[in-house]
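Written below as structure tokens is the structure these notes are about.
Numbering (the working numbering), first residue to last: 186 to 349.
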């Protein structure tokens, strides 16, 4: 399976370079007899639906020709979304200044979950500010992390109608 994943990664990277998009994340998961290939694309200014469709067609055609894995597959291509997962140091660095939620492998000061502003990210870990305090978390201590966009940030405070 590992060799299959490496072939898929190389194929996807080739198409991404041709299409001038960034592969934000790539998941390859065996689901029974099928393989699920989930690709998240991004670019400066965001990715458009048409770009995802075009990318999906090109990757699908290349997968059918190169046949890097046995059996059928399901291909999903989308943007990482506004509450995107942060899995690589580059993801964290690009999200500096944003509100993020971090789940830790082990509790720190009694908590496994921290939400705050991502102050900085380097090759070793992240600095997260919460309630006026800055916490340092090495990447190995982070189980899961994602950007957390609040509804007010999307729609503004007091916008919309309230039911009476």
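Beta carbons: idealized from backbone N, C-alpha and C, even for Gly.
This structure is a prediction, so every number in the text was calculated from the model and none was measured.
The segment 212-228 and the segment 254-266 touch, with three or more beta-carbon pairs separated by less than 8 angstroms.
Rounded to the nearest angstrom, the Cβ distance from residue 293 to residue 320 is 7 angstroms, consistent with a contact under 8 angstroms. Residue 213 sits close to residue 190, with the two beta carbons spaced by under 8 angstroms. A distance below 8 angstroms between beta-carbons, with the five flanking residues on each side excluded, links residue 253 to the following residues of its chain, in chain order: 189, 192, 193 and 196. Residue 262 has its alpha-carbon roughly 11 angstroms from the corresponding atom of residue 235. Residue 322 places its beta carbon less than 8 angstroms from that of residue 310. About 13 angstroms separates the CB atoms of residue 318 and residue 300; that is not less than 8 angstroms, and the two are not in contact. For residue 253, the three-state secondary structure derived from DSSP is coil. The alpha carbon of residue 297 has as its nearest neighbour, out of 231, 288, 267 and 216, the alpha carbon of 288. In the three-state scheme derived from DSSP, where H, G and I count as helix and E and B as strand, residue 288 is classed as strand.
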